[in-house]
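To start, the structure under review is shown below, and the notes come after it.
2 protein chains.
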Amino acid sequence: MAKTQKAAVLTPQGEDFPRWYQDVVARAELADNGPVRGTMVIRPYGYAIWERMVAELDARIKATGARNAYFPLFIPQSYIEREADHVEGFSPELAVVTHGGGKELEEPVVVRPTSETIIDSYFAKWVQSYRELPLLLNQWANVVRWEMRPRVFLRTTEFLWQEGHTVHVSEQDARSYALRILTDVYRDFMVEVMAVPVLAGRKTARERFAGANTSWTCEGMMRDGKALQMGTSHELGQNFARVFDITYLDEAGETQFGWQTSWGVSTRLMGALIMAHGDDGGLRLPPRLAPTQVVVLLVRDEDGAGEAASAVARELADLGLRVELDARTDVSFGRRAVDWELKGVPVRVEIGPRDLAEGKVTLVRRDDGSKSPVPRDELKTQVAAALGAAQAALFAQAQELLASRTVEVGSVDEAREAAQSGFARLPMSVVGDEGETALNQAGVTVRCLLGPEDGLPDPDGRDENLAAVVGRAY
Amino acid sequence: MAKTQKAAVLTPQGEDFPRWYQDVVARAELADNGPVRGTMVIRPYGYAIWERMVAELDARIKATGARNAYFPLFIPQSYIEREADHVEGFSPELAVVTHGGGKELEEPVVVRPTSETIIDSYFAKWVQSYRELPLLLNQWANVVRWEMRPRVFLRTTEFLWQEGHTVHVSEQDARSYALRILTDVYRDFMVEVMAVPVLAGRKTARERFAGANTSWTCEGMMRDGKALQMGTSHELGQNFARVFDITYLDEAGETQFGWQTSWGVSTRLMGALIMAHGDDGGLRLPPRLAPTQVVVLLVRDEDGAGEAASAVARELADLGLRVELDARTDVSFGRRAVDWELKGVPVRVEIGPRDLAEGKVTLVRRDDGSKSPVPRDELKTQVAAALGAAQAALFAQAQELLASRTVEVGSVDEAREAAQSGFARLPMSVVGDEGETALNQAGVTVRCLLGPEDGLPDPDGRDENLAAVVGRAY
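Going down the list, the protein sequences come from chains E and V. Its first residue numbered 319, the first sequence is counted upward by one per residue in the numbering used here. Its first residue numbered 319, the second sequence is counted upward by one per residue in the numbering used here.
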């Protein structure tokens, strides 16, 4: 069979999903590999998407009362060593600076893999009284974890993220804040903006963050049926508070250790976006996230089509939409159309002299490829409707994929089998510790634990009747 | 003489300016020293100001057509060595990572001190044809330059900045873009938002960036009469293009080297803000930059004053102002007032039961300390007027300082003398190379060269009749 035009641009998903992913990253000009193994260059189009993610997340984070701050990139090695569990989790991943100012340093410094230790050493200084609590801080920063098997956006030696760190007067207060971040910030953003349905649940003991008492997670399903951990929120209990001596005076004047949380999402979300929605034509961006929501594509600059295209672009921008005008008629129409498809721009308005003579333009939706002639004077309404429909359709498709590829099973063996093509769901009591080991040996993990009706498990930790969702993960 | 209340909070500027600076940074909770020498923690209030700076600058940068991207933190040592001039400029300042993933690296990597070398190696790959030019990229990132004499915000081992990097088809195009950044982005932001008058001029050959043909600068005068370089924009000619092989095919199909610029401003602007406007009471923030423009201060929660304060805060926020309500009546009014002064919030609205009974509230301006009773129903108009007046007054004061502390002189000796308390201005032809050496030996530098009527020097480089502005610098 002859290859189609699209197959010539990208490896089809069904043929080789990882290669399709690499192709999309390259062809949509999202990112490039950096010269140091495992690092990446985020190109302008990729970075524009990330900026939109940051803006949407930052607003939600601030709405919970947290404020942004910035802590140093360099952490003395001794800080890292203070928290033993923590070192165990990160040690082989550390990048170490041994030379500065032209000579060897007396104490090597570590490039932050995460900032618990440095932030907590300041919390110890700043926190005095219950009146100042909760202390809710967030940081947007780069972090470094040496990666042996890097993959752009998904696992890179350096990545961009936000990390929240908080101190509370009680376990209960810390827990409800950790859950608020999980649901009102992360899940809300993923569902409403990214149009990715996620399972919000608890990690098993062996999957949780080193140093946390409880880790909560949002797990998404990619179009190859694999799981991607998209964001986590941790209850740290008093573990770090005891190591770093974060204490406060309570109302009765007694010294107490603080209760803490930490939580983060990263440029890994870019990988989730690509793999949750992309198809053989390239990216498909949900309109609420897309840096360009509508591209106005001038077919040929004849008979006033050029002026009409500019006018349409202005009109749509005046509605508050993010619009780009493509009037590069020196490049073939077909090539430009394929390019905008690759880049996943949700709606394309094609304006050419022939249609225009009939008072029409063509509206193309990226999500389903539908093309419809639209009377020029209905365009604004139709574009707005198409954007709304595209956002909903992408979510519905991803939801449908998740439902159709999640299988209820009754045993660990069945779970392992089902996890080859999607998620398996079974009672955690059936999995048990031994079952989890068996799954792990087959490259399968318990992605999260869910409570009744797929809700969050009882946060107080009663483990009866939890469902385990099992899958292969990125 | 007994110390006043303010003197108890901060060292007076007149007594010890550097100590005053440190006091403000600490007491206004802007920043803290990091554990690794020369690094800093930017605290939430300081970071909120920086976020406002970023937003204002980013909008102006994007308005010139530049797009944001992100390049790796780690640069192979060999890249740095490729550009000899560059190495000379930075080598002793480099932080070097020698270990990653638990073992020694085959090639050490450098933590970026600036990104010319890594970005240029990608430009070489991306740039093909004149059609793609100009290529205008910007990056918001942290950079590291090992500092022996660190000072928070002004000279820190790690700092935050934006660095722009561009490629153009001609020297002329690169030059006009470098100047557009200097005036439409940097100077406009400094003057219109920061309310800091700056001298926009050219650096002398010895003051220019290593690797640049021409460096343009915005220099501000701090309240101790010293100069602060607030932002620079460089014409790189084809220097880096030749080293990194950045070529394009011109319209005639000939291979040409690109012409480049680079430009940056950093968290050093925080230092400029503090030192250009701060007084013995603390920060004084220009309203257009202040994260909180108005604080509504409840004096005592009696006779409906609490409700009135909330209502006023809402009303002002509805005008689009950035408003904070301070109803912490468990802390003394005096202490809270001093605190808001320290933080430099431009306008304070004090609401207490006594005034309120007369239908009034008190409006206090931070810039001049003026207090006026204002009828409750005129408050919105008066607050808006006060903010406008405060923005203008801060600029006028800084302008007045710059004018009164700049002295016209006729010789290098006079210039050296005058630079002890401000700027000296004299013809560059009088300074000459020898004069510049003599000045430098006395810790004085030529801050910039100005053209006729203090305008920009002729960019084509004819050096006749240029004025040299000479001062001591941070």
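Idealized CB from N, CA, C, for every residue including glycine. From a predicted model like this one, the values you see are computed outputs, not experimental measurements.
Once you ignore the five residues that flank residue i on each side, which residues in its own chain have a CB closer than 8 Å to its CB?
{"i": "Val-405/E", "result": "Caution is warranted here: a pLDDT of 49 is assigned to Val-405/E, below 50, making its placement in the model unreliable, and the coordinate value is therefore given only provisionally. Only Ile-398, Glu-399 meet the Cβ criterion."}
{"i": "Val-354/V", "result": "Thr-475"}
{"i": "Gly-464/V", "result": "One detail in the question is off: residue 464/V reads as Trp in this sequence, not Gly. Result list for Trp-464/V: Gly-356, Pro-410, Glu-411, Leu-412, Ala-413, Thr-475, in chain order."}
{"i": "Val-665/V", "result": "Pro-605, Gln-611, Val-612, Val-613, Leu-681, Val-682, Arg-683, Arg-684, Val-701, Ala-704, Leu-705, Ala-708"}
{"i": "Leu-757/E", "result": "Val-730, Ala-733, Arg-734, Ala-737, Val-749, Thr-763, Val-764, Val-788"}
{"i": "Ile-564/V", "result": "Asp-438, Phe-441, Ala-442, Val-445, Val-485, Phe-558, Phe-575, Gly-576, Gln-578"}
{"i": "Gly-407/E", "result": "Its pLDDT being 49, under 50, Gly-407/E is placed unreliably by the model, and nothing is read from it."}
{"i": "Gln-395/V", "result": "Val-414, Glu-425, Pro-426, Val-427, Val-428"}
Name the residue from the options whose alpha carbon lies nearest to the alpha carbon of residue i.
{"i": "Asp-577/E", "options": "Pro-609/E, Trp-658/E, Val-487/E, Val-663/E", "result": "At residue 577/E the sequence reads Trp, which differs from the Asp that was named. When each option's Cα is compared against that of Trp-577/E, the closest is Val-487/E."}
{"i": "Val-627/V", "options": "Leu-615/V, Leu-391/V, Gly-529/V", "result": "Before going further, note that residue 627/V is Ala rather than Val in the sequence given. Closest by alpha carbon: Leu-615/V."}
{"i": "Arg-630/E", "options": "Glu-374/E, Leu-674/E, Glu-424/E", "result": "Note that residue 630/E corresponds to Val in the displayed sequence, not to Arg. Here the closest residue by C-alpha is Leu-674/E."}
{"i": "Thr-435/V", "options": "Ala-608/V, Phe-389/V, Gly-332/V", "result": "Phe-389/V"}
{"i": "Asp-502/V", "options": "Ser-584/V, Ala-518/V, Phe-477/V, Val-730/V", "result": "Ala-518/V"}
{"i": "Phe-477/E", "options": "Arg-632/E, Ser-584/E, Gly-420/E", "result": "Ser-584/E"}
{"i": "Gly-549/V", "options": "Leu-637/V, Glu-481/V, Thr-535/V, Gln-556/V", "result": "Thr-535/V"}
{"i": "Tyr-495/E", "options": "Ala-528/E, Lys-521/E, Ser-533/E, Glu-525/E", "result": "Ser-533/E"}
{"i": "Leu-587/V", "options": "Leu-634/V, Glu-424/V, Arg-505/V", "result": "Arg-505/V"}
{"i": "Ser-747/V", "options": "Phe-713/V, Ala-785/V, Cys-766/V, Ala-710/V", "result": "Ala-785/V"}
{"i": "Trp-479/V", "options": "Ala-523/V, Glu-369/V, Asp-491/V, Asp-636/V", "result": "Glu-369/V"}
{"i": "Glu-489/V", "options": "Lys-521/V, Glu-752/V, Gly-555/V, Leu-451/V", "result": "Gly-555/V"}
{"i": "Val-327/E", "options": "Glu-537/E, Glu-782/E, Gly-687/E, Glu-659/E", "result": "Glu-659/E"}
So, at 7 Å on beta carbons, what are the nonlocal neighbours of residue i in its own chain, with the 5 sequence-adjacent residues on each side left out?
{"i": "Gly-677/V", "result": "Pro-693, Arg-694"}
{"i": "Arg-337/E", "result": "Thr-329"}
{"i": "Asp-776/V", "result": "Gly-769"}
{"i": "Phe-507/E", "result": "Glu-374, Leu-375, Arg-378"}
{"i": "Ile-393/E", "result": "Val-427, Val-428, Arg-430, Thr-435, Ile-436"}
{"i": "Val-372/E", "result": "Trp-458"}
Buried or exposed for residue i, please, with buried defined as at least 16 other CB atoms from any protein chain shown within 10 angstroms of its CB.
{"i": "Met-466/V", "result": "exposed"}
{"i": "Asp-621/V", "result": "exposed"}
{"i": "Val-649/E", "result": "exposed"}
{"i": "Gln-457/E", "result": "buried"}
{"i": "Asn-531/V", "result": "buried"}
{"i": "Gly-652/V", "result": "exposed"}
{"i": "Arg-618/E", "result": "exposed"}
{"i": "Lys-421/V", "result": "exposed"}
{"i": "Thr-573/E", "result": "exposed"}
{"i": "Ser-433/V", "result": "buried"}
Thinking C-beta only, is residue j closer than 7 Å to residue i?
{"i": "Pro-362/V", "j": "Ala-387/E", "result": "yes"}
{"i": "Phe-562/E", "j": "Asp-438/E", "result": "yes"}
{"i": "Ala-545/V", "j": "Ala-791/V", "result": "yes"}
{"i": "Ala-811/V", "j": "Gly-600/V", "result": "With chain V covering only 319 through 792, there is no way to say anything about residue 811/V."}
{"i": "Val-342/E", "j": "Gly-596/E", "result": "yes"}
{"i": "Pro-515/E", "j": "Gln-717/E", "result": "yes"}
{"i": "Ala-459/V", "j": "Met-540/V", "result": "no"}
{"i": "Val-663/E", "j": "Val-679/E", "result": "no"}
{"i": "Leu-455/E", "j": "His-483/E", "result": "yes"}
{"i": "Ile-360/E", "j": "Ala-344/E", "result": "no"}
{"i": "Met-512/E", "j": "Leu-591/E", "result": "yes"}
{"i": "Arg-646/V", "j": "Glu-553/V", "result": "no"}
{"i": "Glu-696/E", "j": "Gly-582/E", "result": "no"}
{"i": "Ile-367/V", "j": "Pro-671/V", "result": "no"}
{"i": "Ser-447/V", "j": "Leu-567/V", "result": "yes"}
{"i": "Leu-744/E", "j": "Val-727/E", "result": "yes"}
{"i": "Gly-364/E", "j": "Met-358/E", "result": "no"}
{"i": "Asp-598/V", "j": "Gln-340/V", "result": "no"}
{"i": "Leu-767/E", "j": "Arg-602/E", "result": "no"}
{"i": "Ser-551/V", "j": "Ile-499/V", "result": "yes"}
Below 6 Å CB to CB, which residues in the same chain sit around residue i once its five sequence neighbours on both sides are set aside?
{"i": "Phe-741/E", "result": "Thr-724, Val-787, Gly-789"}
{"i": "Gly-589/V", "result": "Phe-471, Leu-472"}
Taking Cβ-Cβ distances shorter than 7 Å, what residues in chain B pair up with residue i?
{"i": "Tyr-440/E", "result": "The structure shown contains no chain B; the protein chains it does contain are E and V."}
Which runs of the beta strand (DSSP E) fall wholly inside the segment 440 to 525 of chain E and span at least 3 residues, in chain order? 453 to 462, 476 to 486, 516 to 520
In chain order, what are the residue ranges of uninterrupted beta strand (DSSP E) at least 3 long that sit wholly in the segment 520 to 565 of chain E? 532 to 539, 545 to 555
Quick check for students: name the residue ranges of the beta strand (DSSP E) that lie wholly in the segment 621 to 665 of chain E, counting only runs of 3 or more. 641 to 644
Ignoring anything shorter than 4 residues, give me the alpha helix (DSSP H) runs that lie fully in the segment 654 to 741 of chain V, in order along the chain. 671 to 675, 697 to 722, 730 to 736
In chain order, what are the residue ranges of uninterrupted alpha helix (DSSP H) at least 4 long that sit wholly in the segment 354 to 411 of chain V? Here the runs fully enclosed are 362 to 381, 395 to 400, 402 to 408.
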